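Quick notes on the structure that follows.
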Amino acid sequence: MTSSFQQHHGAMLLKYSGISFISGAVNHGFFSGTRSLWTAAIGIVLFVLGAWLEHRLNADSNDTPSSGLLQTLVLGTLLSIGLGFFTGGLQHFPDSPARSAWVVPLGFFISVLALGLSAPRHWPRAATVYVLVVGTAVTAGSGAAWQWLEQHPNWAATGHSHGETAATDDHHGASLKAGVIAQVVSRSITVNMDDTMRFTPSQIDVHAGETIRFVVTNSGRTAHEMVLGSDEDIRAHAEAMKQAAAKGAAHEDEHHHGTGAAIRVAAGQTGELVVSFSQATRLQMACLIPGHYEAGMRGTLQVLTTPTAPSKPADPHDHSSHKH
């Protein structure tokens, strides 16, 4: 029986959709986000379904020697992971060069292993030369790209910048649009950002009426940012960033943070952000560099009601109001 064009096309769509899912999972934090783990799992299932359908079509058409179904599924899983790692790592290189430096070569070698195990014939010498030469080039190129991005952090994470807001003027203190504005800082809070896509601490409590100096350190090897805003503002802004990235726009070309407080810190640097909190509310801390928010780089800032000082009991020995 000759398989139809529709069936072949369906198998191809399943396989490449699976690779895209896995690539997206790697691109958005496969190693640090629960949602991305599910995305990768769905991608593997889609690819395996496509491989299974292709296996059936080849068996029915007798065009190619048919391997066992179990072998097809296992090798299909390996191949999907390898190709997903390779393509996702390439896409995500500017955002996480340290991780992509080993994800890309790993993806290459996994895909080679899967294809080699599925080959029905003897492994040719030319294939060995190809793996050694290209594998070395991919590994060396990934390492060189990592080192270059580490030395040029302005190119990492799309090299974006933010417009000034009322809470950030050159990343320090309040806006000077209306002249000199003095702020009395209630206290300082230290926040660390790193390449595991986490804020430390990830939960902060302040009180309404406080003016807080956030001392923000980036201990990673790529740029990160801390943006404060409501859940709705952060979600809307993250979606806008996703759409802008899909259009190929640079981070700084499409937006200004309108949440009122944001700071971007280059790799290995420390910045300060002074924010006044006027009323009780719940805010998010988020890094809106493409891929970082999706990887779980977010936290919670709770603005609590200003505590009321307990009233002092009357002093029976206080004679300050007595008349003599």
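Sequential numbering from -10 applies to the sequence shown in my numbering. Backbone N, C-alpha and C fix where the C-beta goes; we use that ideal spot for every residue, glycine too. The structure presented is a predicted model; accordingly, all values stated were derived computationally and were not measured.
Could you tell me if residue i is buried or exposed, where buried requires 16 or more neighbouring beta carbons within 10 angstroms of its beta carbon?
i, result
"residue 184", "buried"
"residue 282", "buried"
"residue 180", "buried"
"residue 135", "buried"
"residue 211", "buried"
"residue 133", "exposed"
"residue 72", "buried"
"residue 173", "exposed"
"residue 131", "buried"
"residue 7", "buried"
"residue 260", "buried"
"residue 271", "exposed"
"residue 86", "buried"
"residue 103", "buried"
"residue 76", "buried"
"residue 61", "buried"
"residue 100", "buried"
"residue 105", "exposed"
"residue 126", "exposed"
"residue 267", "exposed"
"residue 115", "exposed"
Is residue i helix, strand or coil by DSSP?
i, result
"residue 158", "At residue 158 the pLDDT is 39, less than 50, meaning the model places this residue with poor confidence and gives no usable figure here."
"residue 187", "strand"
"residue 173", "coil"
"residue 268", "coil"
"residue 203", "strand"
"residue 313", "Its pLDDT being 47, under 50, residue 313 is placed unreliably by the model, and nothing is read from it."
"residue -2", "helix"
"residue 81", "coil"
"residue 45", "helix"
"residue 317", "A query on residue 317 cannot be resolved here, the shown segment of the chain reaching from -10 to 313 and no further."
"residue 196", "strand"
"residue 300", "Low per-residue confidence applies at residue 300: pLDDT is 48, beneath 50, and the placement is therefore not dependable, though the value from the model is reported in the following sentence. The answer is coil: DSSP assigns residue 300 none of H, G, I, E or B."
Output the boundary residues of the alpha helix (DSSP H) element that contains residue i.
i, result
"residue 324", "Since the first residue shown for the chain is -10 and the last is 313, residue 324 is missing from the structure and cannot be characterised."
"residue 93", "86 to 107"
Less than 7 Å between the beta carbons of residue i and residue j, yes or no?
i, j, result
"residue 138", "residue 203", "no"
"residue 36", "residue 9", "no"
"residue 197", "residue 294", "yes"
"residue 199", "residue 177", "no"
"residue 290", "residue 201", "no"
"residue 3", "residue 39", "yes"
"residue 74", "residue 92", "yes"
"residue 285", "residue 186", "yes"
"residue 94", "residue 128", "yes"
"residue 207", "residue 254", "yes"
"residue 195", "residue 122", "no"
"residue 11", "residue 29", "yes"
"residue 96", "residue 124", "no"
"residue 188", "residue 257", "no"
Note the first and the last residue of the continuous beta strand (DSSP E) segment covering residue i.
i, result
"residue 216", "213 to 218"
"residue 277", "Taken as a continuous stretch (DSSP letters only), residue 277 belongs to no beta strand (DSSP E), as it is neither H nor E."
"residue 251", "250 to 254"
"residue 287", "287 to 293"
May I ask whether a heavy atom of the ligand NAD can be found less than 6 Å away from the beta carbon of residue i?
i, result
"residue 135", "Here there are no bound small molecules, and the ligand NAD is not part of this structure."
- Kindly confirm or deny that the region 274 to 289 and the region 215 to 228 touch, where touching means at least three C-beta pairs closer than 8 Å. Under the 8 Å Cβ criterion, the region 274 to 289 counts as touching the region 215 to 228, having at least three qualifying pairs.
- Cβ contact (3+ pairs, closer than 8 Å) linking the region 71 to 86 and the region 38 to 45: No contact exists between the region 71 to 86 and the region 38 to 45.
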